[in-house]
Every structure is written in C-alpha cells, then in structure tokens.
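Protein sequence lines correspond, in order, to chains A and B.
Using the numbering used here, the letters of the first sequence correspond one by one to residues 35 to 547.
Using the numbering used here, the letters of the second sequence correspond one by one to residues 35 to 547.
There are 2 protein chains.
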Amino acid sequence: MTSAGRVRGGRQARQAQRAGATGAPAVVPGIKRAIPTYDLFGEEGLVRIEAAIDTLLQEIGMEFRGDPPSLKLWRDAGADVEGERVRFPKGLVRDIVLRSTPKSFVHHARNPARSVVVGGNNVVFSPAYGSPFVYDIDEGRRYGSLEHFQNFVKLAYASPWMHHSGGTVCEPVDLPVNKRHLDMVYSHIRWSDKAFMGSVTAEERAEESIEMARLVFGTDFVDRNCVIMGNINVNSPLVYDAAMSKAARAYARANQCTVVVPFILGGAMGPVTTAGAIAQSMAEAMVGVALCQLERPGSPAILGNFLSSTALRSGAPTFGTPEPALGSLVIGQLTRRLGVPLRCSGAFTTSKIPDGQAMLESAVSMQAAVQCGAHFILHSAGWLEGGLAMGYEKFILDADFCSALHTYLAGIPLDDNGLALDAFREVGPGKHFFGCAHTLQNYETAFWDSAIADNNSFEQWRDAGSKDVMRRANEKWRAMLQAYEAPPLDPGIDEALRAFMAKTKESRPDAWH
Amino acid sequence: MTSAGRVRGGRQARQAQRAGATGAPAVVPGIKRAIPTYDLFGEEGLVRIEAAIDTLLQEIGMEFRGDPPSLKLWRDAGADVEGERVRFPKGLVRDIVLRSTPKSFVHHARNPARSVVVGGNNVVFSPAYGSPFVYDIDEGRRYGSLEHFQNFVKLAYASPWMHHSGGTVCEPVDLPVNKRHLDMVYSHIRWSDKAFMGSVTAEERAEESIEMARLVFGTDFVDRNCVIMGNINVNSPLVYDAAMSKAARAYARANQCTVVVPFILGGAMGPVTTAGAIAQSMAEAMVGVALCQLERPGSPAILGNFLSSTALRSGAPTFGTPEPALGSLVIGQLTRRLGVPLRCSGAFTTSKIPDGQAMLESAVSMQAAVQCGAHFILHSAGWLEGGLAMGYEKFILDADFCSALHTYLAGIPLDDNGLALDAFREVGPGKHFFGCAHTLQNYETAFWDSAIADNNSFEQWRDAGSKDVMRRANEKWRAMLQAYEAPPLDPGIDEALRAFMAKTKESRPDAWH
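1) Mind listing, in chain order, the continuous alpha helix (DSSP H) runs of no fewer than 4 residues lying wholly within the region 81-156 of chain A?
2) DSSP on ILE555 of chain B, reduced to helix/strand/coil?
3) In whole angstroms, what separates the C-alpha of ARG40 of chain B from that of ILE69 of chain B?
4) Taking only beta-carbon positions, decide if ALA433 of chain A is within less than 7 angstroms of chain B.
5) Mapping DSSP to helix, strand and coil, what is ASN476 of chain B?
6) Please confirm whether SER343 of chain B has its beta-carbon closer than 7 angstroms to some beta-carbon of chain A.
7) So SER243 of chain A is in the alpha helix (DSSP H); what residue range does that whole segment cover?
8) Taking the continuous beta strand (DSSP E) assigned at MET263 of chain B, which residues delimit it?
9) With a threshold of 7 angstroms between beta carbons, is ASP483 of chain B in contact with chain A?
10) Go through its chain and collect everything with a Cβ distance to GLY425 of chain B's Cβ below 6 angstroms, but skip five positions before and after it.
11) Relative to the alpha-carbon of GLU181 of chain B, which residue among B:LYS280, B:HIS222 and B:THR369 has its alpha-carbon at the smallest distance?
12) By how many angstroms is the C-alpha of LEU272 of chain A removed from the C-alpha of THR56 of chain A?
13) Quick one: Cα of ALA276 of chain A to Cα of GLU529 of chain A, how far?
14) Could you check the C-alpha separation between ARG542 of chain A and ALA240 of chain A for me, to the nearest Å?
15) Does the Cβ of GLY462 of chain A lie closer than 6 angstroms to at least one heavy atom of the ligand GDP?
16) Closer than 6 angstroms by C-beta to GLY44 of chain A: which residues in its own chain qualify, once you throw out the five before and the five after it? Chain order, please.
17) Going by DSSP, what residue range makes up the alpha helix (DSSP H) through SER582 of chain A?
18) Please state whether DSSP places SER362 of chain B in a helix, a strand or coil.
19) Just curious, the beta strand (DSSP E) that ALA423 of chain B is in, first and last residue?
20) CA-CA distance, GLY154 of chain A and VAL404 of chain A?
21) Output yes if chain B places a C-beta closer than 7 angstroms to the C-beta of THR71 of chain A; else output no.
22) With a threshold of 7 angstroms between beta-carbons, can MET316 of chain B be considered close to chain A, or not?
23) Which same chain residues end up closer than 8 angstroms to GLY54 of chain A when comparing Cβ atoms and leaving out the 5 residues on each side of it in sequence?
24) For THR344 of chain A, which residues from the same chain have a beta carbon less than 8 angstroms from its beta carbon, with the 5 sequence-adjacent residues on both sides left out?
25) According to DSSP, simplified to helix, strand and coil, what is ASP170 of chain B?
26) Could you pull out every residue in the same chain whose Cβ sits closer than 7 angstroms to the Cβ of LEU249 of chain B, ignoring the five residues on either side in sequence?
27) Using a C-beta to C-beta distance shorter than 7 angstroms, which residues of chain B count as neighbours of ILE553 of chain A?
28) Name the residue from B:ASP172, B:VAL261, B:VAL131 and B:SER362 whose alpha carbon lies nearest to the alpha carbon of GLU509 of chain B.
29) Check whether the region 437-453 of chain B and the region 278-286 of chain A are in contact - that is, three or more C-beta pairs closer than 8 angstroms.
30) Under 7 angstroms between the Cβ atoms of PRO123 of chain B and ALA438 of chain A?
31) Just verifying my parser: in three-state terms, what is the DSSP assignment at TYR177 of chain A?
32) Which runs of the beta strand (DSSP E), 3 residues or longer, sit entirely within the region 326-378 of chain A?
33) Closer than 7 angstroms, CB to CB, is GLU419 of chain A near chain B or not?
34) What residue does the alpha helix (DSSP H) around LEU515 of chain B start on, and which one ends it?
35) Please report the distance separating the alpha-carbon of LEU74 of chain A from that of TYR163 of chain A.
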C-alpha cells in the first residue's frame, strides 16, 4: 500500500483521459496492484484442495486424444500412460510446473511503450474473445465479420483501459475457417500496436500466427521473447483434444505464451459443487502448463480458470453468479502457491443486451478477477450472452469499469496528504471542503471519474434526452471509431505480412467448417 | 468455512424461493457470514489511521449545536467543552465506546421468527431509506406518498431476501411533516411483521415512534429489548445538530438502537482523499455511539459509514465508485477493533433509472458492504438517483442480488461432498455430469438461481418479447403486490395504535416543512 501506487493510478487515469480525447491513445501498460488479494481459505483448506487435485491427477488422470507426441512427453517424464489415458504420480505435475515456468515475463507489443508485464503485481486487461455474433443497440445481433473484428481491434487500441488487443475479438465468419486466422493476426498488427493473441484452432494455424509475428519482430527476437499468446481451452472434464494439445505445444516450441484454460460449467463439464470444480480446474490447467514445460522448459505460460455455474432447472449456463466468484478467489490462492501467472475472466453475463443484469453480473465477475490476484484478465470488455455475442456498447461500459478498477487496484495512500489533517485544521466543523487548500492541491488526481456514468441531476439528465447508459455508450463507441487513427506500421513489414497471407491463402482451398 | 454455513445458505435459499411463491413469505432471519472479511491494511496502517482519529477528536473536536444536555454529558465524562465545541482527550471516546456498547443484540420483530441478530457473524439486509421521490418505468419519477410507502413495506415483507422492513422507505410527502412519522411506523407494524426503524427528525417524533413500539411489545419488554432503531445522520463535518443528538439520546434513553452515520461526500463534507474521510467518518461515528452510551450505558448502537466521492468537475456526488468501496473495507477493519456492530450501505447509484450504470454501481457498493464485514446493510434495495428516488424495479433487482449475496456469504464447503471426488470417479474424462449421482444428490441445493436474470438462449429471449431486466422486474413487483397478504395483527394492538395516532395528530397543527 504505497502512495506511489496511488499516484500512478490516479495520475495515469487523468493523463489517459486527456490523451484519449485526441490522437494516439494514452499508454497505460497494465496497472500495478497495490492492494492485497482477497483470500478465502487458510493453510488447512488449501492443503485439502491440493490433496484432491493430487488424487484427481493420480487416480483418474486425463486423456490426450489423437496426439502421440504429447503421450510420449508424458511417458518420458514418468507418467503412467495407458492408451490415451495419462495418470500422474503424486507431485509430478506440480514439480514440472515449478521447475521451469517463468514467474513473470514481458509480453512484447510492436510499440515497446505498450508491452505488458504478465506476473508479479501487474494486472493486464484484454478484450472478450471468441464470439460468433456481435451486438449493438441500433442493429441488434448479427454474425461477426472481419469489419466488426477490425472495429473491436480499433476500439481496444483507442481505449486507454485495455492494455492488450486480445485475440478472436469476434469470429469473422465471413472468412473461411482455415484462413481467417491470417486476417485476424494481420488486423491486430495493422490496426493496433498493442500485444495480441494468435490462433489455436489447429496446429498449422498456431504456427502461421507465430510466423506472422516473426515477420514483425524478427525470428531471433521471437525465439527469445514472448510476442504472441495462444489461448488453449481444455476439453473439460479431463480431456485435451488433439487441436488443443498440438497448438499448445506449437506455442511452447516457439517460446511463446500459452494460456491454459479449463472451461467448466458446473453440472455439465464438472461437478455442481464449487470445491470439486476448483480442484478439477487446477488439475486440468496444471497439466497443460506442465505439457508446455515438457515441450520447451522455460516457455512462458499462464494458468487460467473459467468457472461457471448452471441453472439446474434448464441446464443453461449462468455467469456472474456467486459460486464462480468465490471459486476464483480460491484459484488465486492455489495459483500463487505455484508461483505462475494467473488468468481469470472477466466481464461475464448471460444477458443478451447491456442492461442492468449484464452490468451487475459483469461487476461481480470482474471484481472477483481483480480481487483473486489475476495477472491477465481476458474477457475484460464486450462479453454478452454467455460469450456468444461481442457487444459494442458493452465494450464501452466494461472498459469504463476497467478504468475504475485501475483506481481500485491502486489502493488508499496513508501518507500525510492522504490523512488530510491539515485540511480539517483549515476547514473545521460545519464548513465545506470545496475551496480548501488540500482540495485544490489534490484536484487533479482525486476521485475516479467515469466517462459514461451520468451523475447529473434528474432535471439535467431529462433535459439531455433521458438517455440510458446504453445510449450514451452507443454514442461513445461511434465517436471513438470516427476519431480512430491507425498507428504507423513499417511499409516493409506490412508488405511482408500481406505477401505471407496471400501465399498461405493460395496454398489450400477454402474450408467453411 | 463450514459446510453448515453453506447448507444454511443454499437450502434456506431454495426454501425461501418455494415459500415466497405463495402465502406468507419465507423466514430468512439474516444470514451468517461463513467467509472472511476482505482486509486492506495490516496493523501498521490501522494504527496510523487510529492516530489520525485521535488527533481529530483531540485537536479539532466536534460541535454539538443547540443541545445543552449533550454538552453536559460530555463535560461530565471528562471532555473539554468550550461553547458548543467539544474536544476529547486522547482515548476518551474509544474508552466510552468499548466500556458498554453491546457487541451484538437482537432486534426484535413483532413476529419472533423474523427477529434479527445484529453483530457477530450475522448480516441483515434492510431496504433503502429517505427518498422524496419514487420511480417506476411505467410512470417515471414522482413524489413519494403514503401509498408508495406502504407498497415498499409490502414488497420488503414479501421478499425473503430483505430481513428488515427499513425505516423511511420513501418520504410520504402527502402527509404533514410533523405527523407522517406516525403513519410510517404504523405502516411498518400493520403491513409487515419484520423489524423496523422509527423517526429521527425531531425528539418528539423519535419518542412517539418508540411509544408506538411500546403499544406493540409492552413497556417492560421495550425497556429491556431493542424493538426499534433510529438512524442518526451526523451533520458532517464534525457537527451534531440538535435534532440528531436529541433523537439519538431519545432512542438510547429508551434502550433502543441508534445507527450513527456520518454522511461524507468527499470534497464537500470531507476531504478529497479517502484516508482522511475514513478517519473523519470513524471519529464522527464513535462520538455518536459514545454519546448514546453516556445517555444510557449498554444501550444498543451501530456504528455506521456512508462514504461517497464527488465528480470534481461538477461537484456532483458519485456512488458505487472505487474509493468508497475501498474505504468501507478499512472502516470494517477499524470497527472490528472496537467490537461494535457496523452498518454499511448499500446498493448505491447516481443513475436515474435501473440501467447498466445503476446495477454496476450497486454491485460494487453492495459487494464492498458485504466484504467489509458490515452487520446491518441499509439501502440494500431500491436506491436510485443518489438517494433521491426509491425505484420499484430497482428494488426487485437489488433484492435478487441480496439473494445472491446469501450464497456468497455462505462460502465454499470443503467436505467430501464438496470436493466431489466420487463424482469424478463415476464420470471420468470426457463425459458430462448432468445425470451423475453427485449431481442428483446436490440438485436441490447446488447453485444460486436468480429470480430475475434471463439465462435463456437468444431465441427464447427474443420470442418471449426481448424484455430487458427492467421490464421483467416491473412484472415481478406488480405480481408481488398483487399476491400480497397482510400478516395478522392483534385487533387490540391495532386499535391502540390507531387511537394513539389520532390523539397525537389532534394535539398539534399540521406542519408542511
């Protein structure tokens, strides 16, 4: 709890808001956590869950389907491999993770000022990922496209509260499924200069994503530094399918970051009790991180979690509910004991529109992510409809909350200025603080200021058109796209990327599913 | 973190939902906290703030305006009284608070099954308080009235997630200001059987509120037990006006509970830095609690806080922002060191309607209240527009979030059932958990289920009319009022209350301001 942390959050916030108004967006390369994490369990509880994780790994194990090289890595490491089932002797997975996984690393952006640190006290916000649909309040819900994809890359670039460009910010379903990764990676590079994620849906797509990064950063640099991430979803419960394990190994082989994320809807892909889902999530994620360490020791990795509950009457997934929020807190504690960076998500909701349901659920989910100590928060902005839609207005509302979380993470300074005794001496009982020296002195940095909340009087609000926050957010994203200016890109690099894309696209027929 | 806690939350929740569907609402008399509090500072930080509190009390002190008996109590207790300014020797206020304030007490309801415990591990949710306006999405914003007041008493009675009937759930501005307290107290008694709050706006109104409680509970019982609360707002900074200190002493004298709450909008009634506002809030509240202990040692009291930030460009108050959320966490820590019950609020927002802004701000504010360890959470449901309006739909949305917080506070059980190893043994890799024995066994208690969130598919939601959550909440409060049935009230008590009201109303002319 230092005043430095606070000054950083407050001042950065103001500067970012000012800079964000015109020209290139301000640089806020992550935020340093100056508040403690929210810890749910003591030593005894954590040890109990760790024992359950060990039992799952040892007794039940996991399946690696259709990927013999992964099975070989496990056999060589000392695991018990029977067909595609792998069982892990007690402590094996933990030892592999602890032995070589970096505690923190730099994820490089092509603009070095926007590189982010993953791990330690740093927190990185990244947009939502993977929606086939997009939504805005004017045109409603429709399929994603490359144009929408580029719009969200531009919005994340223009928002000072997104530290990262994300990955599949929406699915460009107008492009062939076996080629769209090229346009997605190109869009991140061309329309932003923040760090980004590549494709994971097949090994060759992962490798081509990394190859494009090499054209930007240089082959040697990429071999020694993280410049791209792959988000690896476990096929929960307890299965890695070939696409995922091969893509994970492709990123690790290239010394690039894998984000290993079990996807557990309680009652469907995991048990209905949260403690069991936590143990499962940790076991699955640890195995993925360990696999990457076997593939290339020391390659950067992030241990992820994605817990959700289910409305048991209908079987529908639910988000932003209390159980996953508590679960995240515990996963944060367990992951800190491993010392690897943690991914947590995000601004979750099942609502179809950015209404009160959406923002309440998102606030619960995002606060848990921040309080649990996550280093990389995917799905920080835009998520709607259980992940099926990327929302324009939702993106703006979530990004504004990310701005608030910068101030939250900066904590409360306890220096003399913070305690303000001189202000009380100046003002005394029954007077107001508006004009006092302390207020004037702190005016620039005091109090987080929302860019989208309406704090005006009822009459002012009514006279300005009685707009709800969705309408105000709609005006904001339209203005941001209007004001967008692309960051410069070396023409030689641009040409090399375009040539690579063209050649790769010609090398195979279009596939649409 | 016991499984008992969990079972209580989960099972209670289901039972309450079932019972709430027909007839008398289920009894959920508070919830026991089974999770730890979120602590921001260590010993060093807390001591630093406590030193600042001492300095404020000693050096600057407070004014008690127009209430010589309060000044006499302070002089007799050893304070330094100069005119209306009271300065407190180091440790005096803390010693008085520690000496006799109960650590917890029962707040009795006329239906004993609905009595609540304030203090310890108990958490009590109470509706919003004090709005001159009401709002619903059909008719918009208009002045409060006795009819609206009664509607909100009925809604709080019908909601299993409100443990308490509240106080001025809206201002019945259609009644004379010097008589409306009689109708408010009568409405709480007649249309609910939950515990409630009385008037504080003048000493005689406080005394008449308590007198009505005596007609219900009996004079002797009231002298020995808490049956009514008074919410005492400090005239921050550092002033108690006569109405407040006299009302506070009236409640204490009758052995009834005072909730002492500084109202600090940073930059206006306090400094713009959060540490200073925390010190001020604690100093002001401790003095109020101590005054009540001087008036009657051992009378029940709750130490309150109400921190807010300000949009410094406009001077408008802001709510649900990060600074007050952090401030609440620290006030929780400091209050636990005093060992007295804590009030925190609530579902705050500046939004004029229950849109995304409203619910996000409310979620931030309510989560802070729950995480900081508050025992009594006023403004748990209904608050809009910085407290100027009580919202019907907002009440429903907030009450639903209170339901979620029951599950949150119940924590994660780590027993064998929770860890679910047998479920993994039954299901194994790659299968789903829907039909497994563990799921069936836990079906009744697993996962919090919102009564208002829409988790359906886009198509189902669209075909049901594409309703946003405000519209669904609108349908719900209308249905609840339709289904409302008044709890029985002894006709003799009813008659005595009506006679007291009539006599008191006749005794003085109407006053309208």
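Glycine is no exception: its CB is placed at the ideal position from the N, C-alpha and C atoms.
Predicted, not measured: the structure shown is a model, and the values here were computed from it.
Let me lay it out:
1) 102-111 and 126-134
2) The structure shown has nothing for residue 555 of chain B, since chain B only spans 35 to 547.
3) Residue placement at ARG40 of chain B cannot be trusted, given a pLDDT of 35 that sits under 50; the coordinates are not used to answer.
4) no
5) helix
6) yes
7) 237-251
8) 263-268
9) ASP483 of chain B has a beta carbon lying within less than 7 angstroms of a beta carbon in chain A.
10) TYR169, PRO388, GLY416 and LEU418
11) B:HIS222
12) A caution first: THR56 of chain A carries a pLDDT of 44, below 50, which makes its placement in the model unreliable, though a value can still be read off. The C-alpha of LEU272 of chain A is placed about 49 angstroms away from the C-alpha of THR56 of chain A.
13) 33 angstroms
14) 16 angstroms
15) The ligand content of the structure shown is nil, which means the ligand GDP is not present either.
16) With a pLDDT of only 46 at GLY44 of chain A, under the threshold of 50, the placement of this residue in the model should not be trusted, and no figure is reported.
17) Coverage of chain A is limited to positions 35 through 547, which leaves residue 582 of chain A absent and any answer about it impossible.
18) helix
19) 423-425
20) If you draw a straight line from the Cα of GLY154 of chain A to the Cα of VAL404 of chain A, it is about 14 angstroms long.
21) no
22) no
23) Low confidence applies to GLY54 of chain A: its pLDDT is 40, below 50, so where it sits in the model is not reliable enough to give any reading.
24) So the list reads LEU299, GLY300, GLY301, ALA302, VAL306, ALA350, PRO351 and THR352, once near-sequence residues are dropped.
25) strand
26) ILE527, ALA530, LEU531 and PHE534
27) Look at the range of chain A in this structure, 35 to 547, and you will see that residue 553 of chain A is not part of it.
28) For the residues B:ASP172, B:VAL261, B:VAL131 and B:SER362, the minimum Cα distance to GLU509 of chain B belongs to B:ASP172.
29) no
30) Contact annotation: PRO123 of chain B and ALA438 of chain A have beta-carbon atoms that are not nearer than 7 angstroms.
31) strand
32) 335-338, 341-345 and 350-352
33) yes
34) 503-517
35) 29 angstroms
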